[in-house]
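Residue numbers (my numbering): 82 to 513. Ideal Cβ placement from N, Cα and C applies to all residues, glycine included. This structure is a prediction, so every number in the text was calculated from the model and none was measured. A short write-up of the structure that comes next.
In structure tokens form, the structure reads like this:
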């Protein structure tokens with residue numbers, strides 16, 4: 082599809098959903114300097130409720146703008162951005178805004194924004210606009226709300242935790258960016274409950290009744306095999322009968338007659354992307370979950386250790402490397418060749434938590450799972466890929482994972498991470 086076709090699809094989508102929206106919400110953070118005003122972040126979406134709030138907080142160097150328009154006015158505003166590449170907020174006109182509908186800037190249903198309802202969204206990245214020099218008094222003007230930092234102001238002003246799953250949402254997505262979201266409130270996958278041989282999928286709608294002709298299509302993987310099927314959705318829950326050794330599940334919620342996709346979700350039993358509030362476990366066999374990793378040798382996501390010495394710098398280096406790359410699992414009670422030797426250290430979990438807490442910066446929260454294999458006690462320490470890279474071993478440096486080994490991060494690699502954070506270092510208190 083070309084850019085014109087993408088926009089037409091986006092336009093048709095909002096026309097189909099316009100009756101579901103109560104208003105259009107526009108929120109923006111604007112910087113002011115000697116050259117005038119510059120857009121730093123602008124976020125447009127369509128709440129289900131009808132809201133009428135209009136609010137401007139002028140801190141001098143930073144202006145925070147929020148206004149609710151009618152749905153019709155909101156779509157006219159998006160059309161103007163697309164056709165004239167301009168937007169006007171409270172008499173301030175901003176130009177050269179190009180909505181890009183290429184794949185990396187446009188997404189439907191599944192997206193990195195973690196909005197609490199299925200959405201179509203499009204984004205536009207501004208040229209780098211750096212925040213004013215860090216100033217703890219930047220948001221302490223007069224009787225206006227006090228914020229300790231720009232991050233704090235953005236989270237509150239953009240309602241990130243009310244409308245987003247904030248546990249994994251990065252503020253970076255809203256820096257130097259325009260984002261337009263079109264949520265679908267008709268139905269979503271709300272909860273997935275994993276039992277020994279069943280999966281319960283629960284649905285939620287803003288309306289009293291679910292859409293007609295709704296079916297749940299699914300595919301799950303077990304023991305390197307696949308099973309698939311379709312289930313009619315007549316109430317707020319369906320039950321999928323599964324094999325015990327489940328590894329992966331994909332669910333697609335669609336209209337059987339029109340093929341409209343309402344929601345989509347995929348998860349792995351072992352994931353390094355972080356916490357998942359949608360999935361809940363009634364039954365969890367750690368031996369089954371970790372068995373595929375124990376059958377392999379050490380790799381980019383797997384490290385074996387027989388025990389944890391009191392001052393184990395290599396362990397900290399591996400934690401840093403996993404967090405800075407794609408995440409991974411450290412197994413205690415396994416020798417270098419993958420042999421199960423077991424570990425009987427009642428204080429291991431506490432020492433792992435204390436070492437990571439004392440020696441890694443920024444903070445990393447490991448997932449620690451004791452389990453048994455071949456009648457011996459093992460411990461798995463899962464480190465998710467970090468959302469606040471780079472992660473340093475204090476009094477040392479940051480590490481990355483290459484193959485089955487850890488190596489020090491180069492200055493170039495470190496600079497690339499900082500540059501991708503769009504000026505976050507000005508506000509997070511760390512020094513490059």
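Local conformation of residue i per DSSP, three classes
{"i": "residue 133", "result": "coil"}
{"i": "residue 171", "result": "coil"}
{"i": "residue 249", "result": "Reliability of the predicted coordinates at residue 249 is poor, the pLDDT of 48 falling under 50, and no value is obtained from them."}
{"i": "residue 379", "result": "coil"}
{"i": "residue 471", "result": "coil"}
{"i": "residue 397", "result": "helix"}
{"i": "residue 458", "result": "strand"}
{"i": "residue 445", "result": "coil"}
{"i": "residue 85", "result": "helix"}
{"i": "residue 159", "result": "helix"}
{"i": "residue 92", "result": "helix"}
{"i": "residue 226", "result": "coil"}
{"i": "residue 373", "result": "helix"}
{"i": "residue 271", "result": "strand"}
{"i": "residue 220", "result": "coil"}
{"i": "residue 233", "result": "helix"}
{"i": "residue 422", "result": "coil"}
{"i": "residue 405", "result": "helix"}
{"i": "residue 476", "result": "coil"}
{"i": "residue 122", "result": "strand"}
{"i": "residue 320", "result": "strand"}
{"i": "residue 153", "result": "helix"}
{"i": "residue 504", "result": "Residue confidence for residue 504 is low, a pLDDT of 39 falling below 50, so the modelled location carries little weight; the figure read from the coordinates is stated next. Three-state DSSP puts residue 504 in coil, outside helix and strand."}
{"i": "residue 513", "result": "Any reading at residue 513 must be qualified, since the residue scores a pLDDT of 22, below 50, and its modelled position is unreliable; no value is offered."}
{"i": "residue 258", "result": "strand"}
{"i": "residue 350", "result": "coil"}
{"i": "residue 302", "result": "strand"}
{"i": "residue 391", "result": "coil"}
{"i": "residue 98", "result": "helix"}
{"i": "residue 166", "result": "coil"}
Beta-bridge partners of residue i, as assigned by DSSP
{"i": "residue 146", "result": "109 and 137"}
{"i": "residue 334", "result": "297 and 344"}
{"i": "residue 483", "result": "486"}
{"i": "residue 263", "result": "201"}
{"i": "residue 415", "result": "421"}
{"i": "residue 103", "result": "According to DSSP, which records beta bridges pairwise, residue 103 is partnered with nothing at all."}
{"i": "residue 453", "result": "458"}
{"i": "residue 385", "result": "412"}
Local Cβ density within 10 Å of residue i, reported as buried at 16 or more and exposed below that
{"i": "residue 447", "result": "buried"}
{"i": "residue 320", "result": "exposed"}
{"i": "residue 86", "result": "exposed"}
{"i": "residue 307", "result": "exposed"}
{"i": "residue 388", "result": "exposed"}
{"i": "residue 172", "result": "exposed"}
{"i": "residue 106", "result": "buried"}
{"i": "residue 248", "result": "Model confidence at residue 248 stands at a pLDDT of 45, short of 50, so the residue's coordinates are unreliable and nothing is read from them."}
{"i": "residue 406", "result": "buried"}
{"i": "residue 126", "result": "buried"}
{"i": "residue 267", "result": "buried"}
{"i": "residue 96", "result": "exposed"}
{"i": "residue 417", "result": "exposed"}
{"i": "residue 399", "result": "buried"}
Residue i - containing alpha helix (DSSP H), residue span
{"i": "residue 438", "result": "429–440"}
CB contact flag (residue i, residue j, <8 Å)
{"i": "residue 285", "j": "residue 271", "result": "yes"}
{"i": "residue 305", "j": "residue 380", "result": "no"}
{"i": "residue 452", "j": "residue 401", "result": "no"}
{"i": "residue 134", "j": "residue 147", "result": "yes"}
{"i": "residue 386", "j": "residue 421", "result": "no"}
{"i": "residue 275", "j": "residue 343", "result": "no"}
{"i": "residue 124", "j": "residue 239", "result": "yes"}
{"i": "residue 159", "j": "residue 167", "result": "no"}
{"i": "residue 423", "j": "residue 414", "result": "yes"}
{"i": "residue 361", "j": "residue 331", "result": "no"}
{"i": "residue 433", "j": "residue 410", "result": "no"}
{"i": "residue 323", "j": "residue 278", "result": "yes"}
{"i": "residue 213", "j": "residue 143", "result": "yes"}
{"i": "residue 445", "j": "residue 479", "result": "no"}
{"i": "residue 378", "j": "residue 334", "result": "no"}
{"i": "residue 180", "j": "residue 205", "result": "yes"}
{"i": "residue 375", "j": "residue 440", "result": "no"}
First through last residue of the beta strand (DSSP E) which encompasses residue i
{"i": "residue 309", "result": "306–313"}
{"i": "residue 362", "result": "360–362"}
{"i": "residue 280", "result": "279–285"}
Heavy atom of the ligand SAM within 7 Å of residue i beta-carbon
{"i": "residue 415", "result": "This structure does not include the ligand SAM; it has no bound ligands of any sort."}
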